[in-house]
Structure formats: C-alpha cells, structure tokens
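Undergrad: First residue of the sequence shown? That's 1 in full-length UniProt numbering, and the numbers climb one at a time after it.
Note that the Cβ used here is the ideal one computed from N, Cα and C, for glycine as well.
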Amino acid sequence: MLAAQRQSEILERVRRTGSVRVAELATELAVSEMTIRRDLDALDERGLLSKVHGGATAAGPGATHEPGFAAKSVRQQAEKATIAQRAASLVRPGTAVALSAGTTTAGLAGLLRDVPDLTVVTNSIPVADALRRDNPADADSALLESGPQVVLTGGVRTRSDALVGPIAVAAIGSLHCDVLFLGVHGMSQRAGFTTPNLMEAETNRALVASAGRLVVLADHTKWDTVGISTMAALREADVLITDSGLPDAARDILAGEVGELIIVEAPAA
C-alpha cells in the first residue's frame with residue numbers, strides 16, 4: 001500500500017471513530033509503528049488530525065473557525081436562555097445599553113423589549129430584529145412608543161451576523177453607553193475573551209471602550225476555547241455570567257480575575 005493510500009485510510013478511520021491508536025493501525029495495515037507515526041506526523045502537519053501520545057484524534061476547530069449564527073443558536077439553548085434572563089435583571093430603565101453580536105445576546109435582546117426608555121446600541125442584525133415591535137403581536141401604538149430605541153451600526157456582515165469593520169468602529173467610537181453585554185467565542189486564562197474574526201475583535205474592542213461597565217455572557221463550553229484575537233482581558237470584565245457546567249478549576253480562576261462571577265443553574269435537559 002502506498003503512503004498516500006495508507007494515510008487516506010488512517011484519516012477515514014479518524015473521521016469515523018474520532019481517534020486511532022498507533023499499535024492497532026500498524027497491525028491492521030501490516031506496517032511498522034514507525035511508519036504509522038510518520039503518517040500521523042504528515043497528517044498532523046497538514047491539520048487533518050491531531051497527533052497525541054500513542055495515536056491521533058480528529059482535528060478540532062482552529063482559532064479562525066467561525067460557526068454561523070444558525071449553527072450556534074441550537075447549542076446550549078437552556079444555558080444561554082438562563083444566562084440571558086440573569087443578564088436582563090441588570091438592565092435599568094432610562095439607560096443606554098450596548099449588545100454585541102451573539103446568540104446569547106440575541107436572547108437577551110428579546111427580554112428587553114418592555115424596559116422603558118431604553119436605548120440599545122448593537123452591531124448585530126439578530127439583536128436588532130429581536131428588539132423590533134413592528135409585528136402583528138405588537139401592533140399597539142403605545143408599545144411602539146415605549147419600546148427601546150435601537151441604534152444599529154453599519155459595517156461588513158460576518159458569518160455570525162455581526163456588522164464589523166471601519167464603519168462600525170467609527171460609529172461606536174462616538175457613543176457612550178452605560179453597560180455592554182458582550183458575547184464571546186471563547187475565554188481562557190491565557191488569552192482572555194476571544195473571537196475567531198479579526199474584524200469583529202476590533203469592533204468589539206470599540207464596544208468595550210464605549211461602555212462604562214462590561215458584562216460578559218458566556219456558557220461553560222466557552223471555557224478554554226481560544227479564537228485568534230483577544231477582545232478583552234478577563235480582568236476587564238466587571239461581571240461574568242456563566243452556567244453551572246463550568247468546571248471548579250475554571251470557577252476559581254475566573255473568580256480571581258473578573259469583578260463578579262455569577263453562575264446560574266440551567267434547567268435540566
């Protein structure tokens with residue numbers, strides 16, 4: 001069997017089972033373990049799998065991998081909904097609130113439609129849609145008048161339905177909000193709060209700079225996920241709201257870094 005054929009077979013097994021072991025592959029493919037290790041090295045260098053001690057696993061998403069809004073909206077729905085409810089309790093009437101792009105912030109937006117005299121600044125199309133009152137269920141003119149005023153920045157649209165780039169940054173730079181609710185792709189002790197999109201990181205940094213207070217919304221699966229660009233250090237968060245799935249070690253780290261760590265109990269699936 002040629003090296004290319006053997007590596008194709010190895011890759012197919014990794015994709016099918018999630019992992020492979022060197023000794024098993026050597027026996028099944030009738031080659032030496034050294035040959036299998038060389039094959040795994042070659043596949044690892046190409047980013048097709050991740051070599052580990054004694055074998056290999058399927059390659060995880062890279063630092064620039066960005067799922068679309070629809071794909072993210074079906075993940076951790078109970079946790080995100082509970083986090084959004086807790087975040088909504090922090091919003092006061094008559095304030096200017098910034099909401100970044102994200103599925104959790106979009107969930108929060110839907111809970112803010114009845115807050116009086118609220119102004120919402122956002123670079124997220126789904127957030128702006130969630131705040132709209134121009135549907136048949138909200139036809140009452142009094143509700144239209146009392147609903148939040150929405151300021152939607154311009155910009156280039158990303159896979160996650162965020163508006164980013166120089167236009168968004170310029171618009172945000174002239175604004176001053178009381179609080180920013182920031183959704184994140186990942187958070188870690190080393191990298192802080194991150195995103196896989198460089199332009200979105202720049203836009204979110206502008207949002208952070210515009211706000212008097214930073215509240216980060218991140219379910220437990222975001223821990224130790226690292227995107228290519230940092231939006232804020234852990235210590236910059238005045239409040240972090242997450243769920244009870246967060247490991248104890250992560251809780252200890254975050255409690256020592258952020259201003260206030262709020263852990264909500266999501267309903268059982």
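1) For residue 20, I'd like the list of residues in its chain whose CB is within less than 6 angstroms of its CB, leaving aside the five on either flank, ordered along the chain.
2) Tell me, please, whether the segment 204 to 215 touches the segment 176 to 191 by the rule of three or more beta-carbon pairs shorter than 8 angstroms.
3) So for residue 30, helix, strand or coil by DSSP?
4) Between the alpha carbons of residue 126 and residue 242, how many angstroms are there, rounded?
5) My guess is that residue 106 and residue 130 are in contact by the Cβ rule of under 8 angstroms, so how many angstroms apart are they, rounded?
6) Give me the Cα-Cα distance between residue 79 and residue 206, rounded to the nearest whole angstrom.
7) For the structure I just gave you, are there three or more beta carbon pairs, one from the segment 42 to 50 and one from the segment 179 to 192, closer than 8 angstroms?
8) When you compare each of 169, 223, 224 and 132 to residue 199 by their alpha carbons, which one comes out closest?
9) Considering just the uninterrupted stretch of the beta strand (DSSP E) at residue 262, what are its terminal residues?
10) Mind checking residue 68: buried by the 16 CB within 10 Å criterion, or exposed?
11) In chain order, which beta strand (DSSP E) runs of at least 3 residues are fully inside the UniProt domain "HTH deoR-type" (3 to 58)?
12) To which residues of the same chain is residue 266 closer than 6 angstroms at the C-beta, ignoring the five residues directly before and after it?
13) With DSSP run on the structure shown, which of helix, strand or coil describes residue 187?
14) Taking the alpha-carbon positions, what's the residue 114 to residue 9 distance?
TA: If we stick to the structure as given:
1) Reading the sequence shown from its first residue, position 20 is the one you call residue 20. When the five nearest sequence neighbours on each side are left out, the beta carbons in the same chain lying within less than 6 angstroms of the beta carbon of residue 20 are those of 13, 14, 55 and 56, in order along the chain.
2) Judged by pairs of C-beta atoms under 8 angstroms, the segment 204 to 215 touches the segment 176 to 191, as three or more such pairs exist.
3) Taking the first residue of the sequence shown as 1, we reach residue 30 at position 30. In the three-state DSSP reduction, residue 30 falls in the coil class, being neither helix nor strand.
4) Counting from one through the sequence shown, the residue named residue 126 turns up at place 126. Counting from one through the sequence shown, the residue named residue 242 turns up at place 242. Here the alpha carbons of residue 242 and residue 126 stand approximately 21 angstroms from one another.
5) Here residue 106 corresponds to residue number 106 of the sequence shown, with the count starting at 1. Here residue 130 corresponds to residue number 130 of the sequence shown, with the count starting at 1. Rounded, the Cβ-Cβ distance is 5 angstroms, consistent with contact.
6) Working through the sequence shown from its first residue, we reach residue 79 at position 79. Working through the sequence shown from its first residue, we reach residue 206 at position 206. Cα to Cα, the separation comes out at about 27 angstroms.
7) Touching, no.
8) As a working mapping, residue 199 is identified with position 199 in the sequence shown. Put simply, of 169, 223, 224 and 132 the residue whose alpha carbon is nearest the alpha carbon of residue 199 is 169.
9) On the sequence shown, position 262 is the one that residue 262 refers to. From DSSP, the beta strand (DSSP E) with residue 262 extends over 260 to 264.
10) The count along the sequence shown starts at 1 and reaches residue 68 at position 68. It counts as exposed.
11) Taking only runs of at least 3 residues, the beta strand (DSSP E) segments lying wholly in the UniProt domain "HTH deoR-type" (3 to 58) are 19 to 21, 49 to 52 and 55 to 58.
12) Counting from one through the sequence shown, the residue named residue 266 turns up at place 266. Answer for residue 266: 78, 79, 82 and 243, listed in chain order.
13) Here the question's residue 187 lines up with position 187 in the sequence shown. Here residue 187 sits in strand by DSSP.
14) Working through the sequence shown from its first residue, we reach residue 114 at position 114. Working through the sequence shown from its first residue, we reach residue 9 at position 9. Each residue's Cα considered, the two are about 57 angstroms apart.
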